[in-house]
Amino acid sequence: MTDDSTATLGIGMVGYSFMGVVHSHAWRNVRSFFDVPLVPRLAALAGRNVEAATAVADKFGWEHVESDWRALLARDDVDLVDVCTPGDTHAEIAIAALDAGKHVLCEKPLANSVSEAAEMAAAAARARQAGVRAMVGFTYRRVPAIVLARNLVAEGRIGEIRHVRAQYLQDWLVDRQAPMSWRLEKSRAGSGALGDIGAHIVDLTQFITGEQITGVSALMETFVKQRPAAEPAAEVKLGGHVDAGDAPLADVTVDDAAVFTGRFSGGALATFEATRYAAGRKNAIRIEINGSLGSLAFDFEDMNVLHFYDDSESSQTAGFRRILVTEPDHPFLAAWWPPGHLLGYEHGFTHQAVDLVTALADGRGPEPTFDDGLRVQQVLAAVEQSAAKDSAWTVVGG
Ligand code: SOE
1 MTDDSTATLG IGMVGYSFMG VVHSHAWRNV RSFFDVPLVP RLAALAGRNV EAATAVADKF
61 GWEHVESDWR ALLARDDVDL VDVCTPGDTH AEIAIAALDA GKHVLCEKPL ANSVSEAAEM
121 AAAAARARQA GVRAMVGFTY RRVPAIVLAR NLVAEGRIGE IRHVRAQYLQ DWLVDRQAPM
181 SWRLEKSRAG SGALGDIGAH IVDLTQFITG EQITGVSALM ETFVKQRPAA EPAAEVKLGG
241 HVDAGDAPLA DVTVDDAAVF TGRFSGGALA TFEATRYAAG RKNAIRIEIN GSLGSLAFDF
301 EDMNVLHFYD DSESSQTAGF RRILVTEPDH PFLAAWWPPG HLLGYEHGFT HQAVDLVTAL
361 ADGRGPEPTF DDGLRVQQVL AAVEQSAAKD SAWTVVGG
């Protein structure tokens with residue numbers, strides 16, 4: 001058990017919206033469930049809207065509020081800076097924090113461009129020399145069923161990988177009167193569905209397979225090109241509805257959906273789809289991997305389950321097995337509830353905090369690294385380049 005003499009890790013978080021709230025929850029609760037070797041202390045929260053930042057700080061127990069992230073970086077009680085802001089600020093904040101000797105956890109996607117991501121990876125490499133660490137928050141890597149899938153692949157249980165099928169489906173923009181937000185502005189978010197949710201399936205499929213995506217061919221579309229200009233009151237709630245005529249229209253400058261095919265380094269063929277227009281699919285991350293010895297299938301909307309098909313079983317009884325990933329010997333589960341008492345979205349963030357804090361205490365580099373974030377960014381850029389070129393596009397009957 002962690003006692004009061006355990007060393008602390010002062011957390012300084014920048015941002016207080018959806019990601020800020022879920023990270024706050026993780027930092028606050030991690031110690032209650034895991035024997036972490038460093039106790040996270042919620043030292044300070046920075047946000048330009050001090051009133052809104054203070055409301056979140058009060059709810060979660062942040063000790064101080066700063067209106068400027070630079071002031072947060074200057075604080076002696078901050079050892080790690082957690083960047084939960086829109087993508088256009090990631091590079092500046094993360095690089096300044098690393099240069100100031102603070103560890104960094106940065107939300108995904110790492111940056112809005114490959115060049116920014118490369119600068120961040122270079123800053124992380126410099127910082128590493130001084131024992132300062134950086135990690136990018138591809139949190140779904142910490143869903144127990146995803147870790148189990150990776151372990152099964154690594155153990156060779158599905159053999160050589162032939163197909164990777166990955167979708168990230170949401171529906172919060174189906175309503176054309178859902179308002180604009182920073183996630184729909186290229187200057188702030190970098191890209192739309194591609195970077196926000198496509199980045200997750202790029203990272204997850206590379207994580208599970210242990211392979212890299214080597215090339216892509218893509219299509220992207222913006223279905224609704226203008227939306228009511230109102231910013232939703234609380235970003236925690238994606239989407240919303242503004243009555244027609246109540247607000248001026250603003251241009252949507254990102255993709256609403258991206259589909260692409262790809263190849264993995266081991267030779268597998270892959271298909272990817274990221275959209276915010278899949279009516280009825282709220283947060284469906286669907287991944288299916290077919291190998292020479294079997295298959296794995298996962299859907300985040302049933303996130304405590306992994307489906308496993310073992311082709312070596314007798315054809316009389318073979319079939320997809322539904323594994324309920326809630327046993328104490330499943331990844332992270334020993335710390336939680338009895339078998340069958342399910343985990344949710346927020347647990348991945350708690351697991352991320354455990355792994356990060358443990359790696360820092362052990363003097364190891366936490367993963368995913370900024371180099372991993374850069375590689376994802378390169379895939380996203382290749383998707384955008386391919387979609388813009390249209391060179392592989394062949395008109396039917398043309
Ligand atoms: C919005 O699409 C979003 O909040 C993403 O930004 C997150 O990364 C994902 O976890 C849930 O959906």
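Numbering (full-length UniProt numbering), first residue to last: 1 to 398. Glycine residues also receive a C-beta, built at the ideal position from the N, C-alpha and C atoms.
{"Item": "Among 168, 82 and 14, which has the Cα closest to the Cα of residue 284?", "Value": "168"}
{"Item": "Which residue comes first and which comes last in the alpha helix (DSSP H) that contains residue 151?", "Value": "144 to 154"}
{"Item": "For residue 270, collect the residues of the same chain with a Cβ closer than 8 Å to its Cβ; drop the 5 residues on either side in sequence, then sort them by chain order.", "Value": "163, 164, 165, 166, 205, 213, 261, 262, 263 and 264"}
{"Item": "Among the residues of its own chain, which have a CB less than 7 Å from the CB of residue 199, if the five just before and after it don't count?", "Value": "108, 109, 376 and 380"}
{"Item": "Hey, would you say the C-beta of residue 197 is under 7 Å away from at least one heavy atom of the ligand SOE?", "Value": "yes"}
{"Item": "When the Cα atoms are used, what is the spatial distance from residue 329 to residue 50?", "Value": "44 Å"}
{"Item": "Taking 7 Å as the cut-off, is the beta-carbon of residue 290 closer than that to any non-hydrogen atom of the ligand SOE?", "Value": "no"}
{"Item": "Would residue 20 and residue 78 be called neighbours here (beta carbons separated by less than 8 Å)?", "Value": "no"}
{"Item": "Can you give the beta carbon distance from residue 208 to residue 170, rounded, assuming they're within the 8 Å contact cut?", "Value": "Their Cβ separation, rounded to whole angstroms, is 21 Å, which puts residue 208 and residue 170 out of contact at 8 Å."}
{"Item": "Contact defined as beta carbons within less than 8 Å: I believe residue 409 pairs with residue 258. What is the distance between those atoms, to the nearest angstrom?", "Value": "Since the displayed the chain opens at 1 and closes at 398, residue 409 lies outside it and no answer follows."}
{"Item": "Do residue 368 and residue 141 come within 8 Å of each other at the CB atom, strictly closer than that value?", "Value": "yes"}
{"Item": "Whole angstroms are fine: how far does the CA of residue 291 sit from the CA of residue 299?", "Value": "18 Å"}
{"Item": "I want to see whether chain D comes within less than 8 Å of residue 311, judged by CB atoms only; does it?", "Value": "The question asks about chain D, but that chain is absent: this structure has only one protein chain."}
{"Item": "What is the DSSP secondary structure of residue 385, counted as helix, strand or coil?", "Value": "helix"}
{"Item": "Excluding five sequence neighbours on each side, which residues of the same chain lie with their C-beta closer than 8 Å to the C-beta of residue 392?", "Value": "217 and 386"}
{"Item": "Is residue 184 near the ligand SOE, going by C-beta to nearest heavy atom under 7 Å?", "Value": "no"}
{"Item": "Exposed or buried, which one is residue 65 when buried takes at least 16 other CB atoms within 10 Å?", "Value": "buried"}
{"Item": "State the CB to CB distance for the pair residue 331 and residue 144, rounded to an integer number of angstroms; the pair is presumed to be in contact (CB under 8 Å).", "Value": "5 Å"}
{"Item": "Relative to the alpha-carbon of residue 87, which residue among 282, 70, 189 and 225 has its alpha-carbon at the smallest distance?", "Value": "189"}
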